[in-house]
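Below: the structure, in structure tokens.
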Amino acid sequence: MTTKLWGGRFEGGLHPIFDSLNRSLPFDRRLVFQDIEGSVAWAHGLKGAGVLSEADAEQIEAALGEIRSELEQDESSIDESVAEDVHSFIEEKLTAKVGDLGKRLHTGRSRNDQVATDLKLYLRGWLARVQMEIGALQSALVALAEEHADAALPGYTHLQRAQPVTFGHQCLAYVEMLARDAERLRDAGARMDTCPLGSGALAGTAYPVDREALAGALGFGRAATNSLDAVSDRDHALEIMFGCLTAMLHLSRMAEDWIFLASQEAGVLRFGDTVSTGSSLMPQKRNPDALELLRGKVGRVHGSLTTLVTATKGLPLAYNKDMQEDKEALFDALDTTVACLRVAKLVAEDVTFDRERALAATRVGHLDATDLADLLVARGVPFREAHDRVGAAVNAAIAEGVELGDLSDGARDGVLPELAGVDLAAELTTAAMLRRRDVVGGTAVERVRAAASHWKENLRGKSPAHLSETGAI
Ligand code: ARG
């Protein structure tokens with residue numbers, strides 16, 4: 059049997075089977091420092107309300123500071139604790155240090171406004187750090203894009219060869235996606251910027267706490283304005299998980315593209331040993347497990363979002379214990395997303411691109427058909443008719459077993475008479491095709507170079523040189 063914060067009217071202890079379902083300390087322990095931060099602010103809020111003296115508040119703050127340093131050194135007291143949750147754990151520790159004064163800290167406060175506040179504080183820190191992780195991956199992709207701004211490869215639609223693009227252009231496509239992910243997460247952070255503390259269990263605290271000052275002390279823009287909503291709002295967790303999910307979806311698209319490009323069928327990418335794996339049976343294998351995991355982990359983050367959507371659907375106001383289910387799903391989504399961003403960066407830093415083979419691939423499969431139609435358009439043929447005629451030219455080229463630039467004179471005279479005397483092979487080089495896409499957002503080499511340097515400038519200072527690659531976030 060453990061001592062509970064709410065034990066007053068209970069005589070027997072919890073059944074151990076229920077106790078273990080009920081306890082959240084094993085996972086909400088990661089809010090321990092936020093719980094301390096919120097508790098210090100609350101002590102000062104109570105001081106302002108005349109509930110605690112200046113000396114009381116200072117004593118509580120000092121004791122909480124000691125608890126923080128002890129836990130920074132060693133968290134084993136959490137492992138050993140039988141407390142129900144992180145809030146009970148901190149209160150127990152505080153009371154062990156300052157006696158009855160520790161028991162006064164919970165005046166006018168509930169674990170309901172406490173947990174809502176702790177979670178927002180935690181998420182705020184995570185959001186700041188994930189921006190750096192996204193920036194680091196973007197920087198790695200921009201470096202690849204700079205190096206390969208002029209390296210052509212087939213671009214695909216429907217996974218059929220379509221038109222040449224540069225590998226740099228493709229890398230920058232993921233950079234754009236990630237920029238939106240970072241922005242989406244920032245937006246979620248801005249909407250989350252209201253402080254629930256002082257909402258009490260549901261109806262607002264009964265003590266004259268200056269909630270705006272409390273919000274300011276905890277770094278929030280303002281106090282949450284409805285206590286019922288404040289203690290039971292988990293929108294921010296949902297939004298952030300959705301932000302994680304779109305980032306993961308984007309990583310999965312990059313993963314799929316690169317898995318394909320590294321296959322022997324495409325054969326233009328090769329991943330380094332740091333991110334490749336072998337087969338226990340087939341000695342020749344070199345498998346892209348890192349990318350397959352990026353692709354596969356999306357399901358896990360999607361599952362976490364679904365968990366919280368389902369847990370919050372139809373919940374009556376205000377707090378319900380269902381809400382405790384937010385944390386494991388949320389933390390897993392956050393951890394998975396960060397781990398995948400980091401692995402994606404490692405892959406981007408350890409990949410080699412085979413320029414010759416990729417360029418050769420742009421020469422097979424009539425990727426120049428659109429440009430050939432454009433040559434007809436330049437000679438006055440309406441595009442729709444040019445499209446038809448080049449379709450016939452493609453059939454002729456297939457029948458002759460050649461590319462469009464090498465069509466026989468007979469076939470050219472039949473469907474492309476306007477182009478008599480034009481050096482088609484010279485007009486339809488991959489370089490010429492890239493050069494024609496010289497438009498905002500196009501794949502012309504100079505456009506890609508300019509986009510890469512724009513991003514490089516934009517990302518300056520947004521990469522986490524100071525974050526260790528294995529460090530926890
Ligand atoms: N461990 C709880 C949670 O994570 C804290 C809030 C508990 N409140 C309550 N009234 N039981 O949601």
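The opening position of the sequence shown corresponds to residue 59 in our numbering, with each subsequent residue numbered one higher.
For each residue, glycine too, the CB sits at the ideal point set by N, CA and C.
For residue 444, the CB contacts under 7 Å within the same chain, skipping 5 residues up- and downstream, are 431, 434, 435 in chain order.
Beta-bridge analysis with DSSP links residue 253 to 281. Residue 223: member of the beta strand (DSSP E) spanning 218-224, first to last residue. Looking only at 66, 408, 335, 387, the smallest Cα-Cα distance to residue 86 is reached by 387. Taking every protein chain shown into account, the CB of residue 216 has fewer than 16 other CB atoms within 10 angstroms, so this residue is exposed. Below 8 Å, enough C-beta pairs join the segment 169-185 and the segment 77-96 to call them touching: three or more. For the pair residue 314 and residue 353, the CB atoms are nearer than the 7 Å cut-off.
Counting only residues of its own chain and dropping the five nearest sequence neighbours on each side, residue 267 has a CB closer than 6 Å to the CB of 103, 107, 256. Here the alpha carbons of residue 357 and residue 208 stand approximately 35 Å from one another. Linking residue 206 to residue 519 through their CA atoms gives a straight-line distance of about 23 Å.
Closest by C-alpha distance to residue 92, out of 72, 66, 130, is 130.
Comparing C-alpha distances from residue 152 to each of 389, 373, 114 shows the shortest one belongs to 114. One alpha carbon belongs to residue 439, the other to residue 482, and they sit about 17 Å apart. Annotation for residue 213: no alpha helix (DSSP H) segment contains it, though the beta strand (DSSP E) segment containing it runs 210-215.
C-alpha of residue 117 to C-alpha of residue 264: approximately 23 Å in a straight line. With 16 or more other Cβ atoms inside 10 Å of its own Cβ, residue 212 counts as buried. Distances taken from the Cβ of residue 80 to the heavy atoms of the ligand ARG include none shorter than 6 Å.
As computed with DSSP, residue 328 is found in a beta bridge with 410. Ranked by Cα distance from residue 80, the first of 200, 382, 448 is 382. Two segments are said to touch when three or more pairs of C-beta atoms, one from each, lie closer than 8 Å; by this definition the segment 237-256 does not touch the segment 217-228. In this structure, DSSP gives residue 335 an extended state, which the three-state scheme calls strand. A contact between stretches requires three or more CB pairs, one per stretch, nearer than 8 Å, and the segment 188-202 fails this requirement with the segment 469-480. In this structure, residue 191 sits near residue 396, with a CB-CB distance shorter than 7 Å.
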